[in-house]
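Residues 0 to 243 in numbering that gives the first Met the number 0 are what the sequence shown spells out, letter by letter. Every residue, glycine too, gets a C-beta built ideally from N, C-alpha and C.
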Amino acid sequence: MSETLKFHSLLNFQLYLNEEGDKVLAKFSEAINQLSMGTTGLSVWQASCDLANLFRLVPSSEYKRVVELGSGCGVSGMAISKLSNCEVVLTDYDDNVLDLLKKNAVKNGLMSEEDGDTSINQAKIRCLDWCDFDFTEWKEPADLIIAADVVYDTALLASLCSVLRLLLRTAKAAIVACTRRNEASIGCFEHHLKCAKLEIVEYFEYENGEYRTLDDLYYTHPSNFPFFSSLKTPTIFYNIQPKK
């Protein structure tokens with residue numbers, strides 16, 4: 000069986016509804032198994048759903064172009080694109096993940112199925128390897144950088160923070176959402192943010208349908224998405240900007 004056929008055989012379909020439950024927000028395909036074809040990027044993960052849920056709560060017309068790092072299935076990036084009517088640049092490095100991103104973007108009416116057809120161009124798909132990133136060749140400046148469930152491999156976090164620093168030369172801010180599974184990886188990420196001269200200007204958590212700030216302020220906003228944070232594994236949100 001070819002790699003393409005095996006890839007297609009792993010996919011299923013999910014629908015994500017708006018808050019009222021009477022409208023489809025976006026449609027996605029994902030791999031049945033969370034680890035497929037040597038990557039985790041073919042599956043939907045908790046933090047991407049929680050980040051998309053945040054955009055449902057606070058959609059903004061302030062951002063005209065958003066870049067998503069480690070897009071995977073593209074849940075967060077496509078959600079903000081559809082909710083805020085902005086252009087989104089979806090990035091990853093695995094060929095199979097990039098193929099899936101295109102399928103999902105086409106499925107949601109954000110780009111044309113035919114290569115070279117720019118009649119529908121609200122989404123772009125780009126290969127971006129954090130460990131081999133040349134900012135001088137990057138042609139996709141953005142107002143906002145987003146990323147979800149990318150803080151898990153400590154060996155990649157220095158490179159991730161370096162890419163964030165470079166992209167924040169033009170972007171106003173970066174919002175990174177990560178599931179609190181491993182305190183070591185969280186601590187490593189925060190360490191590399193400091194090394195990259197980036198600062199956390201806002202921090203809050205989402206668990207069991209509630210957002211909570213460091214000042215213990217709460218806001219209830221249940222998620223309609225298939226994966227959402229629990230009391231055992233909350234989702235952490237970082238608003239990141241360069242140090243002044």
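Skipping 5 residues on each side, what residues in its chain have a beta carbon closer than 6 Å to that of residue i?
i      : result
GLY73  : LEU89, LEU100, ASN103
ILE235 : CYS177, ARG179, GLU204
TYR210 : PHE203, TYR218
Tell me the rounded alpha-carbon separation between residue i and residue j.
i      : j      : result
LEU155 : GLY69  : 12 Å
LEU167 : ARG64  : 13 Å
ALA176 : ASP131 : 23 Å
ALA183 : GLU201 : 21 Å
GLU113 : LEU127 : 22 Å
LEU165 : ALA172 : 12 Å
CYS160 : LEU197 : 8 Å
VAL57  : HIS220 : 11 Å
GLY40  : GLY71  : For GLY40, the pLDDT reaches just 46, beneath the cut-off of 50, and the residue's location in the model is therefore unreliable, although a value from the coordinates is still provided. Answer to the nearest angstrom: the Cα atoms are 4 Å apart.
CYS48  : SER75  : 7 Å
GLY208 : LEU216 : 14 Å
GLU86  : LYS243 : 28 Å
GLU136 : ASP91  : 16 Å
LEU97  : PRO241 : 29 Å
GLU61  : CYS187 : 31 Å
Are the CB atoms of residue j and residue i within a distance shorter than 8 Å?
i      : j      : result
ALA46  : ALA170 : no
ALA122 : SER83  : no
ALA195 : LEU163 : yes
LEU109 : MET77  : yes
ILE174 : LEU213 : no
ASN232 : THR153 : This sequence places Thr at residue 232; Asn is not what is there. For THR232 and THR153, no; Cβs fall outside 8 Å.
ASN52  : SER222 : yes
VAL43  : PHE27  : yes
Got a sec? Which residues, its chain only, sit under 8 Å from residue i by beta carbon, not counting five neighbours each side?
i      : result
ILE199 : GLU189, LEU192, TYR237, ASN238, ILE239
GLU139 : ARG64, VAL66, VAL88, LYS123, ARG125
SER158 : TRP129, CYS130, PHE132
ASN181 : TYR151
SER59  : SER83
With a threshold of 7 Å on Cβ separation, who are the neighbours of residue i within its own chain once the five nearest residues in sequence on each side are excluded?
i      : result
PHE134 : LEU165
ALA25  : TYR15, MET77, ALA78, LYS81, ASN107
So residue i and residue j are supposed to be a Cβ contact under 8 Å. How far apart are they, rounded?
i      : j      : result
ILE185 : VAL150 : 7 Å
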